[in-house]
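S.K.: Could you have a look at this structure, given as structure tokens, before my questions?
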Amino acid sequence: MNPVNYLYLAALLFTIGAAGVLIRRNAIVVFMCVELMLNACNLAFVTFSRMHGNLDGQIIAFFTMVVAAAEVVVGLAIIVSLFRSRHSASVDDASLMKL
Amino acid sequence: MENLIALLVAAPLLGAAVLLCGGRRLDRAGHWLGTLLAAASFVVAVVLFTDMLGKGAEDRALHQKLFSWIPVEGFQADVAFQLDQLSMTFVLLITGVGTLIHIYSIGYMEHDERRRRFFGYLNLFLAAMLILVIADNYLLLYVGWEGVGLASYLLIGFWQHKPSAATAAKKAFLVNRVGDMGLSIAIMLMFTTFGTFAYGPVLEATGETSEGKLTAIGLMLLLAACGKSAQVPLQSWLGDAMEGPTPVSALIHAATMVTAGVYLIVRSGAIFNAAPDAQMVVVVVGAVTLIFGAIVGCAKDDIKKALAGSTMSQIGYMILAAGLGPIGYVFAIMHLVTHGFFKAGLFLGAGSVMHGMNDEVDMRKYGGLRKYMPVTFVTFGLGYLAIIGFPGLSGFFSKDKIIEAAFAKGGTEGWILGSVALLGAAITAFYMTRVMLMTFFGEERWRRTATPSPDAPDVEPAAETRGEHAEPHPHESPKSMTIPMIVLAFGSVFAGGFFSIGDRFLHWLEPVTGHDHGDAPIGASTVTAATMVALVIGVAIAWAMYGRKPVPVAAPRGSLLTRAARRDLLQDDFNHVVLVRGGEHLTRSLVYVDHTLVDGVVNGTAASMGGLSGRLRKLQNGYARSYAVSMFGGTAVLIAATLLMRAV
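Structure follows, in structure tokens:
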């Protein structure tokens, strides 16, 4: 199979993720979309690794996973505490930082 | 001997401190204390002088360093005195004439309840003037320069209850301030050019300095001299300064302080010698003032203001001589000394006349006073003969030398300057004869019954009603006033001859100022003859106008020139229109520019920044998703740009 197809898939996934981040209000969904974007990147890295025949992309994919795992820990904690205090998971409700 | 120099200053300074801080308990003896300390200073001066005479010409200069005033790395200001022949001449003149005028003031100010304060100020003046002439650097000279300015201000405004006196004091102070700026700029220039302002190093280093810098320093020094010595264009204060008590006019505004400018130029001779352009300006200022003052002196009816015009004119002679360079320095100082004698004597005589005439100053209300004031008449008369240059008297020798030196400048320049000086001599003879005739000769116009002469045009009624006082009873002044006048008259008669015979004064000053004979196109005897002709013409015209026919009590309208001269040749109008109005317009337009342009730029920047940030603020709406949009958008743009750059 032509590896370029994987890149198309990665781009599609990234776009879906980005659109989700911009459009959806639920913090959990937004968070999931962010994860989707990260994984789209991972897919692209791995694909490039395959295309160029070296392991650099795969190593970076592992790093990304580690960072994503850490991000999930912090991000979920924020979302949970936000939900506790405001009884809402909408990102638009947390708009106190405007002028 | 060096240690005595500080004593010269210390004595009058102590007097000023005691008299001004001592309070009313000194009222009864204060004037004696002031006079005694002035006399003490004179005695010290004489002791130093005799000591100096005993030494050879080259090692006569004494030097005394009191203390370091501002000891900073690279900036050494000392309080140190230098007494050479030039300073010595001034010290003798200042303390000598000063002591005489202290004695005179005892009588003149007898009925003034603030006499103690007056003597305090006089002592303060003496101290400051002595610092000015014996300082060994320009910074200390500046201290004395400001000190005499302060004393002059205090004494002109001594009768401050008169608004005219208060205004005159302020005017003198302000005009002097312009000159003082010149001096301070000159000192700063000296420091940046030579790295010091002591006389020795500065005057020796003029050889290696560019002419442009020296010209700038010279012109600034000239500005200072113009302010202090009432030379055009800063001359306007001297006439009004006559509001002060007459002894002040005699001491400060005739004999000593106003000659400080001449001292400054002669002292800085090395600078002017190396800057011919500045020297040229000095000569022009001197020549213009010489004629200017003389014309003003011709038209004034106020005896003191006529003498003030004369002072201005005579100092014009000195400045002219000082501007001639080594040809004239010695003669400038010689005329300064003889002028100190006869002009102080004339002012004291005028004060004596006023003393006997209920403080009337209008010469048109004098007349025929010679019978009532014989001593004043004789001393004033001798001063008069001296100033017009009557052969054998002081003014004859000193003025003649200046006219000779002016011719000796050489070329067309010499001819012009010489002719101006000769013309000045004729006008001097005219206005002084006028003063003399109006005061001591003719009808007794002060008598109430005196009928105005028939040929007097329209007598103003105000002139009659203004004489609200009783008819004055002219009388001779007390001994304390006449004795100084007699001493000064002696000086007026003999000083010139004493200085000139055997060129004594020339040999005395030459080691300090240098001397050069120049090349005179005409012989000395021709100059003397021409001066005599000018003198006779001046006296004859004055006699024809004021001696032969009676003087009207009310001033006639006079020609355009006379009317202008009565208003000091429109100097105040000129200052008002050009400087006051001009200054107002300048400040107004500057304020306008400041408000519109400068403030406009600042305020405009602030306003546009405010408007821009107001718009930008709307982007900060607190919604995380909109931030995400801008982030995505920005990234997309960046990536697109990068790709585009690659493609190109």
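Line by line, the protein sequences are chains B and Z.
The opening position of the first sequence corresponds to residue 58 in the working numbering, with each subsequent residue numbered one higher.
The opening position of the second sequence corresponds to residue 1229 in the working numbering, with each subsequent residue numbered one higher.
No residue lacks a Cβ here, since even glycine has one placed at the ideal position from N, Cα and C.
#1: Scan the segment 1845-1868 of chain Z for residues whose Cβ lies nearer than 8 Å to a Cβ of chain B and list them as they occur along the chain.
#2: Inspect the CB distances between the segment 1589-1609 of chain Z and the segment 1341-1356 of chain Z and report whether three or more fall short of 8 Å.
#3: What residues of chain Z sit near Leu153 (chain B), judged by a beta carbon separation below 8 Å?
#4: Taking only beta carbons into account, state which residues of the segment 108-127 of chain B come closer than 7 Å to chain Z, listed in chain order.
#5: For Ala146 (chain B) and chain Z, any beta-carbon pair shorter than 9 Å?
#6: Are the Cβ atoms of Thr121 (chain B) and Pro60 (chain B) separated by less than 9 Å?
#7: Determine the burial state of Phe1802 (chain Z): buried for a count of at least 16 other Cβ atoms within 10 Å of its Cβ, exposed for fewer.
#8: Compute the Euclidean distance between the alpha carbons of Arg107 (chain B) and Met58 (chain B), then round it to the nearest angstrom.
#9: Measure from the alpha carbon of Val1779 (chain Z) to the alpha carbon of each residue in Z:Phe1726, Z:Ile1867, Z:Thr1667, Z:Ala1560, then state which is nearest.
#10: Between Arg143 (chain B) and chain Z, is any beta-carbon pair separated by less than 9 Å?
#11: Got a sec? Which residues, its chain only, sit under 8 Å from Val1687 (chain Z) by beta carbon, not counting five neighbours each side?
#12: Under the three-state reduction of DSSP, which class applies to Ile1615 (chain Z): helix, strand or coil?
#13: From the DSSP output, in three-state form, read off Pro1554 (chain Z) for me.
#14: Which same chain residues end up closer than 8 Å to Asp1530 (chain Z) when comparing Cβ atoms and leaving out the 5 residues on each side of it in sequence?
#15: Starting from the C-beta of Leu1797 (chain Z), find all residues in its chain whose C-beta is less than 7 Å away, skip the five residues before and the five after it, and write them out in chain order.
#16: Please classify Trp1674 (chain Z): does DSSP put it in a helix, a strand, or coil?
#17: Distance cutoff 9 Å, beta carbons only. Does Leu69 (chain B) sit that close to anything in chain Z?
#18: Mind checking Lys1593 (chain Z): buried by the 16 CB within 10 Å criterion, or exposed?
#19: So with CB distances below 8 Å, who are the chain Z contacts of Leu79 (chain B)?
#20: From the DSSP output, in three-state form, read off Ala1792 (chain Z) for me.
#21: At a CB-CB cut-off below 8 Å, which residues of chain Z make contact with Ala75 (chain B)?
#22: Using C-beta distances below 7 Å, list every residue in its chain close to Phe1575 (chain Z), excluding the 5 sequence neighbours before and after it, in chain order.
#23: How about Thr1607 (chain Z) and Ala1515 (chain Z): do their beta carbons lie closer than 9 Å?
#24: If you follow the beta strand (DSSP E) that Ile1769 (chain Z) is in, where does it begin and where does it stop?
#25: Cβ of Gln1313 (chain Z) within 9 Å of Cβ of Ile1362 (chain Z)?
#26: Just curious, the beta strand (DSSP E) that Asp1306 (chain Z) is in, first and last residue?
#27: For the candidate residues Z:Arg1342, Z:Val1319, Z:Gly1579, whose alpha-carbon lies nearest to that of Leu1382 (chain Z)?
#28: Could you compute how far the alpha carbon of Ile1555 (chain Z) sits from the alpha carbon of Gly1611 (chain Z)?
#29: Please report the residue range of the alpha helix (DSSP H) in which Gln1799 (chain Z) lies.
#30: When the distance is taken between beta carbons, is Ala1868 (chain Z) closer than 9 Å to Val148 (chain B)?
#31: Which residue marks the beginning of the alpha helix (DSSP H) containing Gln1388 (chain Z), and which one marks its end?
#32: What's the call for Glu1632 (chain Z), buried or exposed, on a 16-neighbour Cβ count within 10 Å?
#33: Starting from Val1300 (chain Z), trace the beta strand (DSSP E) both ways and give me its first and last residue.
#34: May I ask you to report which of helix, strand or coil DSSP gives Asn1231 (chain Z)?
M.R.: Once the coordinates are examined:
#1: Arg1845, Gln1848, Asn1849, Gly1850, Tyr1851, Ala1852, Arg1853, Ala1856, Val1857, Phe1860
#2: no
#3: Gly1850
#4: none
#5: no
#6: no
#7: exposed
#8: 12 Å
#9: Z:Thr1667
#10: no
#11: Confidence in Val1687 (chain Z) is poor, its pLDDT being 43 and thus under 50, which makes the residue's placement too unreliable to answer from.
#12: helix
#13: helix
#14: Met1470, Val1589, Asp1590, Met1591
#15: Phe1520, Ile1523, Val1524
#16: coil
#17: no
#18: buried
#19: Arg1853, Ala1856, Val1857, Phe1860
#20: helix
#21: Phe1860
#22: Thr1474, Ser1477, Ala1478, Ala1482, Leu1535
#23: no
#24: Here Ile1769 (chain Z) belongs to no beta strand (DSSP E); instead the alpha helix (DSSP H) covers 1752-1770.
#25: no
#26: 1303-1311
#27: Z:Arg1342
#28: 27 Å
#29: 1799-1802
#30: no
#31: Per DSSP, Gln1388 (chain Z) belongs to no alpha helix (DSSP H) and is neither H nor E.
#32: buried
#33: 1290-1300
#34: helix
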